[in-house]
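As structure tokens, the structure follows; a few thoughts come after it.
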Amino acid sequence: MHTAGKITVEVPEELLRRAHEASGQGITQTVRTGLQLVAASLTYAPLRQLRGNVRFTRTWAALKADR
10 MHTAGKITVE VPEELLRRAH EASGQGITQT VRTGLQLVAA SLTYAPLRQL RGNVRFTRTW
70 AALKADR
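Position 58, counted from 1, in the sequence shown is what the working numbering calls 67; the numbers after and before it change by one each time, with no gaps.
See the structure below:
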């Protein structure tokens, strides 16, 4: 079972407004989404380093035709 922790965070008003508008969610969900994106960035960093270094044996057209 996952428990939630309550935190108090001071955030610049303009940043919170922009994030809130961009997400279209409430403040709590906006903050959760931001935290998830930060956590996910650790996962994507090694993948970005592979960009241009991986060779595929199938062409884009073959992948599209295989749908």
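All C-beta atoms in this analysis are idealised placements derived from N, C-alpha and C, irrespective of residue type, glycine included.
Boundaries (first-last residue) of the alpha helix (DSSP H) holding residue i
i: residue 19; result: Taken as a continuous stretch (DSSP letters only), residue 19 belongs to no alpha helix (DSSP H), as it is neither H nor E.
i: residue 13; result: Taken as a continuous stretch (DSSP letters only), residue 13 belongs to no alpha helix (DSSP H), as it is neither H nor E.
i: residue 34; result: From DSSP, residue 34 is part of no alpha helix (DSSP H); its letter is neither H nor E.
i: residue 72; result: 69-74
Supposed close pair residue i, residue j - CB separation, criterion 8 Å
i: residue 32; j: residue 39; result: 4 Å
Nearest-angstrom Cα separation, counted from residue j out to residue i
i: residue 53; j: residue 46; result: 10 Å
i: residue 71; j: residue 60; result: 21 Å
i: residue 58; j: residue 65; result: 16 Å
i: residue 76; j: residue 19; result: 48 Å
Whether residue i touches residue j by CB criterion (8 Å)
i: residue 43; j: residue 28; result: yes
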